[in-house]
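Undergrad:
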Amino acid sequence: MGRTLETFTQKIDRIRSEWSLFRRALRREDQILLDTLFDHARLHAQAGSYASPPDPFSAILLSILIEERKARLAQEERIRALEQRLR
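Going by UniProt numbering, the first residue of the sequence shown is number 1, and it counts up by one from there.
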């Protein structure tokens, strides 16, 4: 894999470069956030490769959503713990 077929990681990198003009138009702090989102997609490259969707962008978006959801759940848990300590 990788010699004749594009790996999922390569697909992520290709799509990331396709969005380079969009990235360039963002403010610096938003550029960093966009980079982080694409980094999140790389965390799930194995699942993307296994699913082998015809449109890799949908798998990239799902990967980003999974990581964002995990971060939100962790924050909610921290808030609950802090609220418990205040009671």
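The C-beta atom is built at its ideal place from N, Cα and C for all residues, glycine as well.
Residue 61: which of 76, 44, 31 sits nearest, CA to CA?
TA: Of 76, 44, 31, the residue nearest in Cα terms is 44.
Undergrad: Could you tell me the alpha carbon to alpha carbon distance between residue 77 and residue 86, rounded to whole angstroms?
TA: The alpha-carbon atoms of residue 77 and residue 86 are separated by roughly 14 Å.
Undergrad: Between which two residues does the alpha helix (DSSP H) holding residue 34 run?
TA: Run containing residue 34: 28 to 42, per the alpha helix (DSSP H) assignment.
Undergrad: May I ask you to report which of helix, strand or coil DSSP gives residue 52?
TA: If DSSP states are grouped into helix, strand and coil, residue 52 belongs with coil.
Undergrad: DSSP state of residue 83, grouped into three classes?
TA: Three-state DSSP puts residue 83 in a helix.
Undergrad: Look up residue 72 in the DSSP assignment and say whether it is helix, strand or coil.
TA: Residue 72 falls in the helix class under three-state DSSP.
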